[in-house]
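Novice:
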Amino acid sequence: MGEQSVRTPILAVCPLSLGMLVTWCNKIFVCRLNLIKTKESDSMIINFNLKDCLIPIIALIIFGCSNENGSSEDDILAFEPIDSLEIELPEEFLQFTSWTTYNRQGQQILVEYGLGSNNSLVIHQVDFLSGKYLEPIVIPQQGPNGYNSSGASVYFKNRDSLFVFPSTSQHFYLYSRSGELLEKYAYNASDNSKHNVSGYYSSAVFLNKRIFLPTVQFISFDDPQIFTKSTPIRSFDFNSNQFIDSIPYPSYTKDKSITVDRLSPTIVAINQDSLVINYRFSDSIYFWNPATRRISSLYLSSDKLSKPKLFERYPDRTETLEFKIKEVDFETVIHHNKCLYRIISHVDVDDKSLETYEILQNNKRKMTLLEFDLETKTKRLYKLPIAKYFTFIDDYLYVGGISLREDGDKTLRTFYKYKLE
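Residues 146 to 566 (the working numbering) make up the sequence shown, in order.
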């Protein structure tokens, strides 16, 4: 198993079609092509009138493939919502949450979860078509159905069952949607691998009857060999009850370092053919082929964004703060309707020279959605508001999680609805 150095190219589309190009070329080289047969012989004299060719030549130069003054696929485009939606929050409002999504009857459901009263794990689901929160799932911390930890992350297997990964346990659990404990699984990892969460978003993937998990081991985060000693992704086989596949970090990370919050990737599947890996510190995404167990990469960023940064050693507190405020963060990747969507938070290149407090005071940090069409190999970038949750339903994207307002005894959360082209 190794990382291939092949980087799949992204094809830019010239505004001049191939058919138009052929037509113009014919006009240029055959303009006023007059054939004159002389009386003295059967020879031909070609009379080429350059004057008549000037207009098509100039038109070709100006409109053909010159797109310097137009938009390119690296430009970040304005993206205006077509509607907004206010959803009343449930009675047990969670201040600190993580999120994930799952599909139910072809519709993506937003899952928002966190710790409630008595450290119970409260799992909310948002149905955007009905415009409301569904009945919450509550899992106690202790007891026969308890998750037995100080915290946990969640991943829905389907609408009827979900996995809970305790943060301080060498076990994980399968629950029903009513909160009943169905199964308990031991990781059985010799290197103490266990599920880990990247930022706010928790992910896992079912592929070839295994569950692929972002993982973490008991290694000091300031270890100079952190990328070499760690295994960021592993697959758990339910028949043997143990980890099987191990996917390493990209080779260029050797002897580098990064803040601990950026270590774990997010993952998503494209059918059963490929596992897509998103590292928050990388301007490329990675494809792992389950049949060959080989890795390939695809550059999926923009010249409008700064290059991601790795450290030669673990950063101190000042460096860590500046890094989190100034540097690009490829937060997650989502697969929807034959496209990959990469959610990126960043500061404009021109604003990176500002002091960290200036960036915060003037709200210079921004959010961009990168859309990559897997069929046409083209990309588009869209400007988004600062947000926490992103949910795709049919041809629409729902964005929100930040804006709240009070309306009497109700608390309403605002989501914005965008139309995908």
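In this text, a Cβ means the ideal position worked out from N, Cα and C, and glycines have one as well.
(1) Return the chain-ordered list of same chain residues with a C-beta closer than 6 Å to the C-beta of ALA334, the five sequence neighbours on each side being excluded.
(2) Go ahead and label ASN263 buried or exposed: buried means 16 or more other beta carbons lie within 10 angstroms of its beta carbon, across all protein chains shown.
(3) In this structure, does DSSP put ILE371 in helix, strand or coil?
(4) Quick one: using the 10 Å Cβ neighbour count with 16 as the cut-off for buried, is VAL267 buried or exposed?
(5) From PHE537, THR501, ARG558, ILE489, pick the residue whose C-alpha is nearest to that of LEU529; which is it?
(6) Which stretch, first to last residue, makes up the beta strand (DSSP E) that contains PHE238?
(7) Where does ALA436 land, buried or exposed, given buried means 16+ other C-beta within 10 angstroms?
(8) Which residue or residues does DSSP assign as beta-bridge partners of VAL256?
(9) Report the residue from ARG550, ALA532, TYR541, SER548 whose alpha carbon sits nearest the alpha carbon of ASP228.
(10) Just verifying my parser: in three-state terms, what is the DSSP assignment at LEU499?
(11) Rounded C-beta distance between HIS340 and TYR330? I'm assuming under 8 Å.
(12) Can you give me the Cβ contacts of LYS564 inside the same chain, cut-off strictly under 7 Å, excluding the 5 residues immediately before and after it?
(13) For ASN434, list the residues DSSP reports as bridge partners.
(14) Starting from PRO359, follow its DSSP beta bridges and name the residues at the other end.
(15) Can you determine whether any heavy atom of the ligand ZN sits closer than 7 Å to the C-beta of LEU222, and answer yes or no?
(16) In whole angstroms, give me the CA-to-CA distance for PRO289 and GLY324.
(17) Reducing DSSP to helix, strand and coil, say where ASN263 ends up.
(18) Taking contact to mean at least 3 C-beta pairs separated by less than 8 Å, is the stretch 459 to 466 in contact with the stretch 475 to 484?
(19) Run the CB neighbour count on ILE422, radius 10 Å, all protein chains shown included, and call it buried at 16 or more, exposed below.
(20) Give me whichever residues DSSP pairs with LYS511 in a beta bridge.
(21) Helix, strand or coil for SER396, going by three-state DSSP, please let me know.
(22) LYS564 bridges to which residues according to DSSP?
(23) My understanding is that VAL256 touches VAL299, with C-beta atoms under 8 Å, so please give their C-beta distance in whole angstroms.
(24) Looking only at DSSP bridge pairs, what is GLN287 linked to?
(25) Can you give me the Cβ contacts of GLN252 inside the same chain, cut-off strictly under 7 Å, excluding the 5 residues immediately before and after it?
(26) Can you have a look at ASP390 and say buried or exposed, based on whether 16 or more other CB atoms are within 10 angstroms of its CB?
(27) Tell me where the alpha helix (DSSP H) around LEU466 begins and ends.
(28) Could you give the first and the last residue of the continuous beta strand (DSSP E) run that contains VAL478?
(29) Would you call TYR397 buried or exposed, if buried means 16 or more other Cβ atoms sit within 10 Å of its Cβ?
(30) Where does the unbroken beta strand (DSSP E) through ALA414 begin, and where does it stop?
(31) Looking only at C-alpha atoms, which of LYS454, ASP493, THR523, LEU499 sits nearest to TYR486?
(32) Do SER409 and PRO377 have their CB atoms nearer than 8 Å?
(33) Rounded to whole angstroms, what's the CA-CA distance from SER548 to THR559? Just pull it up for me.
(34) Can you give the Cα-Cα distance for ASN353 and GLU551, rounded to whole angstroms?
(35) Within the same chain, show all residues whose beta-carbon is closer than 8 Å to that of GLN417, passing over the 5 residues directly before and after it, in chain order.
(36) DSSP state of VAL405, grouped into three classes?
Specialist: According to the structure data:
(1) Around ALA334: PHE388.
(2) By the 10 Å Cβ count, ASN263 comes out exposed.
(3) Helix.
(4) VAL267 comes out buried.
(5) Of the listed residues, the one whose Cα sits closest to LEU529 is ILE489.
(6) Here PHE238 belongs to no beta strand (DSSP E), and DSSP marks it neither H nor E.
(7) Exposed: under 16 other Cβ atoms inside 10 Å.
(8) Beta-bridge pairing links VAL256 to THR245, GLN270.
(9) Minimum Cα distance to ASP228 is reached at TYR541.
(10) Secondary structure at LEU499: coil, using DSSP grouped into helix, strand and coil.
(11) HIS340 to TYR330, Cβ: 11 Å. No contact.
(12) Closer than 7 Å at Cβ, skipping near neighbours: ILE227, ASP540, TYR541.
(13) According to the DSSP secondary-structure assignment, ASN434 is paired through a beta bridge with ARG439.
(14) DSSP lists ILE378 as partners of PRO359.
(15) Ligands displayed in this structure: none; no statement on the ligand ZN is therefore possible.
(16) Near 11 Å, if we compare the C-alpha coordinates of GLY324 and PRO289.
(17) Of the three classes helix, strand and coil, the one that applies to ASN263 here is helix, per DSSP.
(18) With a cut-off of 8 Å, the stretch 475 to 484 and the stretch 459 to 466 do not count as touching, because too few Cβ pairs lie within range.
(19) Classification of ILE422: buried, given that the 10 Å Cβ count is 16 or more.
(20) The partner list for LYS511 (beta bridge, DSSP) reads HIS491.
(21) Look at SER396 here: in three-state DSSP terms it is helix.
(22) LYS564 is bridged to TYR541.
(23) At roughly 6 Å, the Cβ-Cβ gap stays under 8 Å, so VAL256 and VAL299 are in contact.
(24) Answer is none; GLN287 lacks a bridge partner.
(25) Cβ-Cβ distances below 7 Å link GLN252 to LEU274, ILE538 in the same chain, with the five nearest sequence neighbours on each side left out; the list follows chain order.
(26) By the neighbour-count rule (16 or more Cβ atoms within 10 Å), ASP390 is buried.
(27) Run containing LEU466: 462 to 471, per the alpha helix (DSSP H) assignment.
(28) Per DSSP, VAL478 belongs to the beta strand (DSSP E) from 474 to 481.
(29) The residue is exposed, with fewer than 16 neighbouring Cβ atoms inside 10 Å.
(30) For ALA414, the enclosing beta strand (DSSP E) stretches over residues 411 to 415.
(31) Nearest option by C-alpha distance: THR523.
(32) Contact flag set, yes.
(33) Just so you know, the alpha carbons of SER548 and THR559 end up roughly 6 Å apart.
(34) Separation of ASN353 and GLU551 (C-alpha to C-alpha, rounded to the nearest whole angstrom) is 47 Å.
(35) Once the five neighbours on either side are set aside, the close Cβ partners of GLN417 are LEU352, ASN353, PRO435.
(36) If DSSP states are grouped into helix, strand and coil, VAL405 belongs with the helices.
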